[in-house]
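Chains A and B supply the protein sequences, listed in that same order. Under the numbering used here, the residues of the first sequence are numbered 60 to 366, in order. Under the numbering used here, the residues of the second sequence are numbered 5 to 280, in order. For reference, the structure discussed in these notes is given below.
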Amino acid sequence: MNREATADALGLHERASATPERTGASPRAALGSAPAWTEGKLAFRAQQEWFAAIVSTPQDEPAPVDERSAARLITASATLSSLERIDIYRRGYHARLIECLVDDYPVLQHALGEERFETVCRGYIARRPSNAPSLNYFGRHMADFCRALPLAEAGFAAALASLEWAIVLAIHAPTATAIGFEALGGVPSERWPGARFRVNPSLAILRLEYPANAYLQAYRLGKPSAVPAPRPINVAVYRTGRSVWRLELEPTMVTLVESLAEGSTLEAGLAQVQTMLVHESEQEIAQKVAHCFQHSVSSGLFSELLL
Amino acid sequence: MANRFELPNLGIGLGLRTKHYSTILEQKPAVDWFEILSENYMRTAGRPLDYLDQIADSYPVVMHGVSLSIGSSDPLDRQYLTELKALRERAKARWVSDHLCWTGVAGKNTHDLLPLPYTEEALAHVVGRVRAVQDFLGAPLALENPSSYAEFAGDSMREWEFLGRLAEEADCALLLDVNNVYVSSKNHGFDPLTYLNALPFDRVVQCHVAGHTDHGTHIIDSHIGPVIEPVWQLLAVAHRRCAGVPVLLEWDAEIPSFEDTHAEALRARDFIGAVA
Chain A
60 MNREATADAL GLHERASATP ERTGASPRAA LGSAPAWTEG KLAFRAQQEW FAAIVSTPQD
120 EPAPVDERSA ARLITASATL SSLERIDIYR RGYHARLIEC LVDDYPVLQH ALGEERFETV
180 CRGYIARRPS NAPSLNYFGR HMADFCRALP LAEAGFAAAL ASLEWAIVLA IHAPTATAIG
240 FEALGGVPSE RWPGARFRVN PSLAILRLEY PANAYLQAYR LGKPSAVPAP RPINVAVYRT
300 GRSVWRLELE PTMVTLVESL AEGSTLEAGL AQVQTMLVHE SEQEIAQKVA HCFQHSVSSG
360 LFSELLL
Chain B
5 MANRFELPNL GIGLGLRTKH YSTILEQKPA VDWFEILSEN YMRTAGRPLD YLDQIADSYP
65 VVMHGVSLSI GSSDPLDRQY LTELKALRER AKARWVSDHL CWTGVAGKNT HDLLPLPYTE
125 EALAHVVGRV RAVQDFLGAP LALENPSSYA EFAGDSMREW EFLGRLAEEA DCALLLDVNN
185 VYVSSKNHGF DPLTYLNALP FDRVVQCHVA GHTDHGTHII DSHIGPVIEP VWQLLAVAHR
245 RCAGVPVLLE WDAEIPSFED THAEALRARD FIGAVA
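What follows is the structure in structure tokens.
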């Protein structure tokens, strides 16, 4: 069980004040259905609601106003019609949010292909518009969104999105220093049974139906693989210092770490592990329990020892 | 201290971008100051703040936001302001800026800098909100003139008049983006010098320069590529009026190496040195 670093990205990309552009985005200012506003003046708030409604309309749908209505609020320039001017904002809105999702889900983009991923993103944006000042958590619903897609690989896409989102969360989780064996060396033997551990605050343990971690690692190594068949895995995603790690876990290790995370003593946690090893000899059980604990420590899953 | 807020002339700075974190931390290059995008360091407890803490220990930092939504008809977001204030203290930011725009309504955020109608109603609305924000922060807010692609049929004044009156009536500072002046002048067909001539320069505490993308029919404020000569010339004019104001280069797409980005920023010397 080797842990694998996800340390190549120094941080998430910027949410800048620039107006983003996206090659391939629909350049047309679609003329659309009946205008929502035909007479009188719009109040300040109504103008903003009207403008935002147009800007956030999916680009593959007609604009919700026609040129005549648009001209009531926005003037034409020497080179662009009123609707074409509003459409610059519409393109910018979608391009910015797609860029954000590309940042968060580069491997999902690879798995689905750029064109299909962009279609997924546009659907996501329409379904899950941002309601926060920061885009840091805009992509948080992607796994659920993928699971409901009418795609053959929807389950795999959901698993991969879960894994990539866990990486994002680990980046934003509080920074902790992992404790190592040197911190444990001086603990008197009689204190061990009652010892408790605080797990790394960035730790998330995922139960995935597909081997998404191997797929992600192959992608990072430049050896892209085909969409895999279902195979359940457990993956720990966590951060120590600036490095985000992914570690596939045996069920015994999941049990131990989750037990300790819930506040169990080491004795109680290891006892839970023992109950899972019903077919092993006492010697094998002792070895596996010891290995389970040692591997948890050496992987940096714990940030504090509480005696 | 040429501005009325007595904010310092920090020199020539760079927008802090993740691509350059390693170079900055490992090589500690001689950069006068960095501007951070506020929202990149909000709603996070993790790695972005680790980097920021280290950089703020070594360089002066200024905060530049994109989600204050000062022109929105939604209520001011108190939680956002609380986080903004906390970040300002953490980063020891010299000042806080955002844009003359709105970014969302009815609880939704477009994350785009949407245009305001330049009317008396909008002016009164924004003046009140700027005052409230400054009271909350306990510090002047610097508002940046946006690049815009649309003008409202009901406008009763031009952007420079709106911005000037806003600054006076709300008693706020201005961040003058000369690239935005250039972009908007082409998109709306006005003389950029008319814009500059109308501004209260004693309220300008910072200037931005950036690249843009000319599509022929309109210009997009893409922050790509080097700054073009006419924008540098606008900086020269603005800098002469300010008699010393910090200048910052924004480069947000196809970002080159740190060295090349910094070299582009330092070109500002050729235009502010000649008139200083």
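Where a beta carbon is used, it is the ideal one built from N, C-alpha and C, also for glycine.
Query                                                                                                                           : Result
Distance between B/A95 and B/A60 (C-alpha atoms, nearest Å)                                                                     : 6 Å
Burial state of B/D218 (16 or more Cβ within 10 Å)                                                                              : exposed
B/G17 - containing beta strand (DSSP E), residue span                                                                           : I16 to G19
Of the residues B/Y153, B/A240, B/L120 and B/T114, the one placed nearest B/D225, counting alpha carbons only                   : B/Y153
Inter-stretch contact (C-beta, 8 Å, three-pair minimum) for the region 253 to 266 of chain B and the region 19 to 28 of chain B : yes
Rounded C-alpha distance that separates A/N190 from A/A216                                                                      : 25 Å
Residues near B/Y45 in its chain [Cβ-Cβ closer than 7 Å; skip 5 each side]                                                      : P52, L53, L56 and L91
A/A93 classed as buried or exposed, judged by whether at least 16 other C-beta atoms fall within 10 angstroms                   : Low confidence applies to A/A93: its pLDDT is 33, below 50, so where it sits in the model is not reliable enough to give any reading.
Short-range partners of chain A found in the region 189 to 203 of chain B, where Cβ spacing is below 7 Å                        : N191, H192 and G193
Per-residue burial, A/A129 [other beta carbons within 10 Å of its own, 16 or more giving buried]                                : buried
Own chain residues within Cβ distance below 8 Å of A/T324, not counting five before or after                                    : P252, G253, A254 and R255
Within chain A, partners of B/A242 - CB distance below 7 Å                                                                      : Those within 7 Å of B/A242 in chain A number zero; the least Cβ separation is about 18 Å.
Length of the line joining the Cα atoms of B/L253 and B/P234                                                                    : 15 Å
Inter-residue Cα distance where the pair is B/L120 and B/F156                                                                   : 8 Å
Chain B within 7 Å of A/S340, Cβ atoms only                                                                                     : no
Coil, strand or helix - A/N293 by DSSP                                                                                          : strand
Span of the alpha helix (DSSP H) around B/V137                                                                                  : E124 to L141
Chain-ordered neighbours of B/T86 on chain E, where CB pairs are closer than 7 Å                                                : Chain labels in this structure do not include chain E; the protein chains are A and B.
Those residues which DSSP pairs with B/T223 across a bridge                                                                     : The question names Thr, but residue 223 of chain B in the sequence shown is Ile. B/I223 pairs with B/D218.
Run of the alpha helix (DSSP H) containing B/W164, from where it starts to where it stops                                       : E163 to A174
Cβ pair B/L147, B/V182 closer than 7 Å                                                                                          : no
Straight-line Cα distance separating A/L360 from A/R104                                                                         : 51 Å
Segment limits, beta strand (DSSP E) that includes A/R257                                                                       : R255 to V258
Whole runs of the alpha helix (DSSP H) within the region 187 to 250 of chain A, excluding any shorter than 4 residues           : 201 to 206, 213 to 231 and 240 to 243
Cβ neighbours of B/A269 in the same chain (closer than 6 Å, five flanking residues each side left out)                          : I16, L18 and L253
Of the listed residues B/L20, B/V65, B/R47 and B/A257, nearest to B/G229 (C-alpha basis)                                        : B/A257
Identity of the residue in B/V185, B/G220 and B/A171 nearest B/D206 by Cα                                                       : B/A171
Closer than 7 Å to chain A by CB, B/G17                                                                                         : no
A/H350 versus A/A242 - alpha carbon distance                                                                                    : 18 Å
Pairwise C-alpha distance: A/A225 and A/H267                                                                                    : A small correction: the amino acid at residue 267 of chain A is Leu; His does not occupy that position in the sequence shown. Roughly 12 Å separates the two Cα atoms.
Between the CA atoms of A/T314 and B/A110 - distance to the nearest angstrom                                                    : 45 Å
CA-to-CA distance, B/L104 to B/H216, given in whole angstroms                                                                   : 19 Å
Buried or exposed by the 16-neighbour rule on C-beta atoms within 10 Å, applied to B/E163                                       : buried
Partners in chain A for B/Y153, counting only beta-carbon separations shorter than 7 Å                                          : R144, I147 and Y148
Inside the region 181 to 258 of chain B only - beta strand (DSSP E) runs reaching at least 3 residues                           : 208 to 214 and 251 to 254
Buried versus exposed, by CB contacts within 10 Å (16 or more), A/R149                                                          : buried
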